[in-house]
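>
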């Protein structure tokens, strides 16, 4: 199936419990209370209580926590890997 429109990435945080990513992304790490996702030149890392993966499809990810306790967004420089220091 051919895509009609190229989507840019969008990251939305709803009520400090849900992270919704629309557009191209890559799941880097996933655990019972944390997730790391690369979207474009950014890595979003979130930690919280009771992670529930609601959706993981080609261009949509919805991750819900009981409560997000920490979150960071890091910009990757040209050629930098997601976990370079």
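Residue numbers (the UniProt record's numbering): 1 to 85. Just so you know, even glycine gets a beta-carbon here, dropped at the ideal spot from N, CA and C.
#1: Per DSSP, what kind of secondary structure is residue 70 in: helix, strand or coil?
#2: How about residue 16: is its C-beta nearer than 7 Å to some C-beta of chain D?
#3: Which residue wins for smallest C-alpha separation from residue 50, given the options 31, 41, 23 and 78?
#4: Do you know whose CA, among 19, 12 and 10, lies nearest residue 87's CA?
#5: Under the rule that 16 or more other beta-carbon atoms within 10 Å means buried, what is residue 1, buried or exposed?
#6: Helix, strand or coil: how does DSSP classify residue 29 here?
Taking the structure as given:
#1: Within the chain shown, numbered from 1, the residue matching residue 70 stands at position 70. In the structure shown, residue 70 adopts extended strand secondary structure according to DSSP, grouped into three states.
#2: In the displayed structure, chain D is absent; only one protein chain is listed.
#3: Counting from 1 along the chain shown, the entry for residue 50 is found at position 50. Checked all of 31, 41, 23 and 78; the closest Cα to residue 50 is 31.
#4: Since the first and last residues shown for the chain are 1 and 85, residue 87 lies out of range.
#5: Translated into the one-based positions of the chain shown, residue 1 becomes position 1. Confidence at residue 1 is low in this model, with a pLDDT of 49, below 50, so the placement of that residue is unreliable and no value is reported for it.
#6: Residue mapping note: residue 29 aligns to position 29 of the chain shown, counting from 1. The answer is strand: DSSP assigns residue 29 an E or B state.
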